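Beneath this line is the structure, given in structure tokens, with notes to follow.
Number of protein chains: 2
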Amino acid sequence: MPNVNPRLTLLKTHNVNPRHTVITCSDCRLNKFCLPIALNESKIKQLDEIVEHNSSYKKGDHLYKKNDNFKSVYAVHSGSFKSYTLSYNGNEQVNGFFLPGEIIGLDGIANGMHVNAIQALEHASVCEIPFSKLESLSLQIPNLQHHFLALMGKEITNDKEFHNLLSSYTAEERTAHFLINLSSRCERVSLSPFRLLLPMTRGDIGEYLGLSLETTSRIFGKLHRKGLIAVNNREIELLQMEPLLKIAGCETE
Amino acid sequence: MPNVNPRLTLLKTHNVNPRHTVITCSDCRLNKFCLPIALNESKIKQLDEIVEHNSSYKKGDHLYKKNDNFKSVYAVHSGSFKSYTLSYNGNEQVNGFFLPGEIIGLDGIANGMHVNAIQALEHASVCEIPFSKLESLSLQIPNLQHHFLALMGKEITNDKEFHNLLSSYTAEERTAHFLINLSSRCERVSLSPFRLLLPMTRGDIGEYLGLSLETTSRIFGKLHRKGLIAVNNREIELLQMEPLLKIAGCETE
DNA sequence: CGCTTAGTTGAGAACTCTCAAATGACGTGG
DNA sequence: CCACGTCATTTGAGAGTTCTCAACTAAGCG
């Protein structure tokens, strides 16, 4: 597999033809962070048998929409997605972003129907895992059951953290937290944690953080003036992590 | 089992000696909404064997604290609890309330350690379900696995809905949503959906909704002046559901 | 090269917060 | 049983943060 420059990968994965990349979990560069986490070679093979690898989506394409039947969860293989609902007055409300190695679709498990819509932010590809097959396989592989529960538990933990963020952090704190969070998720999949190429608009970020797009833009400007980040359109460079972590409310001891 | 007046149950369950109530899931008045949901009689017996029934907590007692080892999840049998973390500056941040039939402890699954603390809001009792035993049993009872996944999925769905609430709703909308949500959860366990006896303070509600306690109080006053609710300290009566649902952003078609 | 979408910046308005004080509920001990 | 202290709630006034509206600039795409 070609070794893509991490600094450019986030926006540029569409230069890599998915067909030329891996087609099994066993060979996937992401298998340490993705669903196969903690499975041994033979179990990964079992998982591979139920996974449909690498469907590809163009920017703006929907993976699914609100009220679609829930059949599968999806692992992001390349590119990125946003999750959103429509609020009561018809406004779009972004409530999540998904990077490579992350699992999409948990919003459908409860009722057999998706409550969010998922849209590609750039050219992207996913691996589809039919949920009923995943359930059956989980009955046979205790480790898989355990890790899928842990995955959902992690989602819940993150959501609670986000609850705190929205209920008591200022615009600047939320924005710093967003950047730090994105940075660590990039690092996890071997992208540069210091140079982020945002796949989403200021409006998306604002909706996600409960801010207006103008405020989001102003806060980027403010952090820039403080010398903590460099902003060049969608390219954000994190220049001083310590103060950023402090603003974001992350313990740095 | 004595038929407690629903209107008084929420705050008054401590009048019912837990020892005189059920001691097995099979007999529990909550078994239709709680973990045994969708299990048949024989499966419930299997579940009963791993559940430790009815430990009792006084108001202010902790079920667990932040960073405690995760061993079990808990089903609320009577009374109510709040979940909170401490934010970076040491402030308490409430991020959940739990009523009878609801499951506490999912915040520990991801890392084997709880990220929240859980405190009783009134005299309360829980049934403890050791998680490793629940996992083992889930491997044997597909339905149990399925419903525990659904339970976690529901938590995720709720959290996303709450994300939207915090990121785009006004104080009044959030407060109305809170009341409507509490009302439907009370109804679920045969408490009156129209007359709520809040076990939590205005401060708790404010932290939960991302508002100051003063604002929470003012909004209660405002809804009262509009004739939508009656407020008598912790006792809130929902007088006009339609307008409340509308303010809360719930579809009423 | 022009159109459309995205991002920046400014000014005033609106909402919610903080600080402060007063009232009310509740539990304890005299 | 009452007095007291504590905690919870209400209410007011002013301050701050963020939003909305609007105009302008920049970037992407045919």
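These protein sequence lines map, in sequence, to chains A and B.
Last residue of the first sequence: number 253 in this note's numbering, and the count goes up by one each step with no gaps.
Last residue of the second sequence: number 1253 in this note's numbering, and the count goes up by one each step with no gaps.
For each residue, glycine too, the CB sits at the ideal point set by N, CA and C.
Predicted, not measured: the structure shown is a model, and the values here were computed from it.
Any Cβ of chain B closer than 9 Å to the Cβ of A:G249 would place that residue at the interface, and such an atom is present. Closest in alpha carbon position to A:N54, among A:C28, A:P36 and A:E41, is A:C28. For B:H1114, there is no enclosing alpha helix (DSSP H), as DSSP marks it with neither H nor E.
Residue nearest to A:G79 within the set A:K226, A:C186 and A:S212 is A:C186 (criterion: CA-CA distance). Under a criterion of Cβ atoms nearer than 9 Å, no residue of chain A is adjacent to B:T1175; the nearest Cβ is some 13 Å distant.
For the options B:I1156, B:L1245 and B:L1213, the alpha carbon positioned closest to that of B:N1181 is the one of B:L1245. Shortest Cα-Cα distance from A:F33 to any of A:V189, A:E52, A:F178 and A:T216 involves A:V189. Secondary structure note for B:Y1064: its beta strand (DSSP E) is the uninterrupted segment H1062 to Y1064. Residues E1052, S1072 and Y1074 of the same chain have their beta carbon placed closer than 6 Å to that of B:E1128, with the five preceding and five following residues left out of the count. Per DSSP, the unbroken beta strand (DSSP E) holding B:G1096 starts and ends at E1092 to F1098. Taking C-beta separations shorter than 6 Å and ignoring five residues to either side along the sequence, the partners of B:K1065 in its chain run A1117, following chain order. Contact between A:Q46 and B:L1139 is absent: CB atoms are separated by about 15 Å, not below the 8 Å threshold.
Counting only runs that start and end inside the segment 1099–1159 of chain B, the beta strand (DSSP E) elements of at least 3 residues fall at 1117–1120 and 1124–1130. Excluding the 5 residues flanking it on each side, A:L228 has same chain C-beta neighbours closer than 7 Å at L239, Q240, P243 and L244, in chain order. For A:K59, no beta strand (DSSP E) run applies, since DSSP gives it neither H nor E.
Annotated as distal: A:S217 and A:R234, with beta-carbon spacing of 9 Å or more. Among the residues of chain B, those whose CB is under 8 Å from the CB of A:E135 are P1142, Q1145, H1146 and L1149, following chain order. Taking 7 Å as the upper bound on Cβ-Cβ separation, chain A lies near residues K1154, E1155, I1156, T1157, D1159, K1160, F1162, H1163, N1164, L1166, S1167 and S1168 of the segment 1154–1182 of chain B.
Distance between B:K1160 and A:G206, taken at the CA atoms: about 16 Å. For B:L1238, the uninterrupted beta strand (DSSP E) segment begins and ends at E1235 to L1238.
Judged by pairs of C-beta atoms under 8 Å, the segment 107–126 of chain A touches the segment 78–92 of chain A, as three or more such pairs exist. The shortest C-alpha to C-alpha distance from B:E1102 to any of B:F1070, B:Y1088 and B:E1155 is the one to B:E1155.
In the three-state reduction of the DSSP assignment, B:T1175 falls in the helix class, which pools H, G and I. When only Cα atoms are considered, B:N1143 and A:S136 end up about 11 Å apart. Contact of B:V1126 with chain A is not assigned, every C-beta pair being separated by 9 Å or more. Within the DSSP secondary-structure output, A:A75 pairs in a beta bridge with A:I103 and A:C127. If you compare the alpha carbons of B:K1133, B:V1115 and B:T1157 with that of A:T157, the shortest gap goes to B:V1115. B:T1201 carries a coil assignment under DSSP once its states are collapsed to helix, strand and coil. One Cα belongs to A:Y88, the other to B:T1024, and the distance between them is close to 42 Å. In this structure, A:G96 sits away from A:F70, with a CB-CB distance that is not shorter than 9 Å. In this structure, the beta-carbon distance from A:K222 to A:E172 falls below 9 Å.
With 16 or more other CB atoms across the displayed protein chains lying within 10 angstroms of its CB, A:A176 is buried.
Residues N1067, D1068, N1069 and F1070 of the same chain have their beta carbon placed closer than 8 Å to that of B:M1113, with the five preceding and five following residues left out of the count. The C-beta separation of B:V1126 from B:L1063 comes to about 7 Å, placing the pair in contact by the 8 Å criterion. Collapsing the DSSP output to three states places B:S1184 in a helix. Distances from the alpha-carbon of B:L1086 to those of A:I247, A:N164, A:L35 and A:P193 put A:N164 closest.
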